[in-house]
Structure formats: structure tokens, C-alpha cells
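Colleague:
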Amino acid sequence: MSQIIATTYEGKYNSSTKSTSNTDPIKVDLKFGPIDLLMGSYASCMLATVDFYTRKKDFEVTGSRSELSYEMSAEGGQVGMINVRLFFDKEYTAEQKELIENSAKNLCHVGNSLNPAIIKNYEFTYGA
Numbered sequence: 100m101s102q103i104i105a106t107t108y109e110g111k112y113n114s115s116t117k118s119t120s121n122t123d124p125i126k127v128d129l130k131f132g133p134i135d136l137l138m139g140s141y142a143s144c145m146l147a148t149v150d151f152y153t154r155k156k157d158f159e160v161t162g163s164r165s166e167l168s169y170e171m172s173a174e175g176g177q178v179g180m181i182n183v184r185l186f187f188d189k190e191y192t193a194e195q196k197e198l199i200e201n202s203a204k205n206l207c208h209v210g211n212s213l214n215p216a217i218i219k220n221y222e223f224t225y226g227a
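If you read the sequence shown in the working numbering, its first letter stands for residue 100, the second for the next number, and so on.
#1: Which same chain residues end up closer than 7 Å to Leu206 when comparing Cβ atoms and leaving out the 5 residues on each side of it in sequence?
#2: Go ahead and pull the three-state DSSP assignment for Ile125.
#3: Curious, which full-length alpha helix (DSSP H) runs of at least 4 residues does the segment 162-219 contain?
#4: May I have the straight-line CA-CA distance separating Thr122 from Gly175, to the nearest angstrom?
#5: DSSP beta-bridge partners for Asp110?
#6: How is the alpha helix (DSSP H) around Val160 delimited, first residue to last?
#7: Quick one: is Met180 buried, meaning 16 or more other Cβ sit within 10 Å of its Cβ, or exposed?
#8: Please report the straight-line C-alpha distance between Ala227 and Glu190, rounded to a whole angstrom.
#9: Nearest-angstrom Cα distance between Glu200 and Phe223?
#10: Is Ala105 helix, strand or coil when you go by DSSP?
#11: Alpha carbon to alpha carbon, how far is Ser163 from Thr119?
#12: Among Ile218, Ile104, Ile125, which one has its Cα closest to the Cα of Met171?
#13: Between Ile104, Val183, Ala142, Leu167, which lies nearest to Pro124 when the distance is taken from Cα to Cα?
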């Protein structure tokens, strides 16, 4: 079953988006644009995906955080590169790190929905 995401354009680069999973609309204005929302969605998805798979292996990544930056493609109008920095406040075993990194890079639904031409650079920091 598909989810309905309803967006109302309010003019002057302002919009309001509602979904079945939130009670308050998400407001977008000139200060926070659609690409910022995309990056925030990608970051949230990666962290939640990592959390899901690590909990299945009986450990947690609570306190993790991300920093994403992006560059637009030379043609313009599209993201060309995303630099992903994920920070985890603990040290993990090599096996746990492999699970964390694979989950972030390959199992996030938002990341898998992005154009495959987008270059993604990942950096993982542990014990931060």
C-alpha cells in the first residue's frame, strides 16, 4: 500500500508537507530548501537503517550522528556528489563496523532511491 504525502505550495518558495506519519506539517521556506530536505532524509534513513540492523545483532548505535555535504553536478539541477560523514560515540569490533558500514551504504531505502550516477563518499568515525 502506498503512502500519501501531500504538499501545498504556499507561494514565495514556501511549502507545507503532511504525511500519515506526522501530525504537524513540515514547513519549507527559503532558509531550508528541497535539497536540504533530501540530505536530511538520507542521513536520517542511514542512521535509522544502521540502528535497525545493529539491534538485530544485539548492539546499539544510540548517540550516532551525521554530517552530509553535497555538490551540484556540472550540468546543474541535480546533485552530483554527496559526502557522508557518520560518527559513532563508541568503538566497535571489526565485524560490527562491517555491519554498520554495509547497512549505511547499501541498505538505506533513500540512498537506494537516489540516482546511481551520484557519487557518494563515506567516512566513518568511531569513538567520537
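The beta-carbon is built from N, C-alpha and C at its ideal position, and this holds for glycine as well.
Modeller: Quick answer:
#1: Looking up residue 206 in the sequence shown gives position 107. Once the five neighbours on either side are set aside, the close Cβ partners of Leu206 are Thr148, Tyr152.
#2: Locating residue 125 in the sequence shown gives position 26, counting from the first residue. Reduced to three states, the DSSP call for Ile125 is strand.
#3: 193-205, 208-212
#4: By 1-based counting over the sequence shown, the position of residue 122 is 23. By 1-based counting over the sequence shown, the position of residue 175 is 76. If I take the Cα positions, the gap works out to 35 Å.
#5: Translated into positions along the sequence shown, residue 110 becomes position 11. For the sequence presented, residue 110 should be read as Gly rather than Asp. Note: Gly110 sits in a beta bridge opposite Asn113.
#6: Sequence index remark: in the sequence shown, residue 160 carries index 61 (1-based). Per DSSP, Val160 belongs to no alpha helix (DSSP H) and is neither H nor E.
#7: In the sequence shown, the residue the question calls residue 180 occupies position 81. The residue is exposed, with fewer than 16 neighbouring Cβ atoms inside 10 Å.
#8: As a working note, residue 227 is residue 128 in the sequence shown. As a working note, residue 190 is residue 91 in the sequence shown. Their backbone Cα atoms lie some 9 Å apart in a straight line.
#9: Along the sequence shown, read from residue 1 onward, the residue named residue 200 stands at position 101. Along the sequence shown, read from residue 1 onward, the residue named residue 223 stands at position 124. Whole-angstrom Cα-Cα distance: 8 Å.
#10: Indexing the sequence shown from 1 puts residue 105 at position 6. Shown here, Ala105 sits in a strand according to DSSP, grouped into three states.
#11: Residue numbering aside, residue 163 sits at position 64 when the sequence shown is read from its first letter. Residue numbering aside, residue 119 sits at position 20 when the sequence shown is read from its first letter. One C-alpha to the other measures close to 27 Å.
#12: Residue 171 sits at position 72 when you count from the first residue of the sequence shown. Minimum Cα distance to Met171 is reached at Ile218.
#13: Position 25 of the sequence shown, counted from the start, is the residue given in the question as residue 124. Looking at the Cα atoms, Ile104 is the closest of the given residues.
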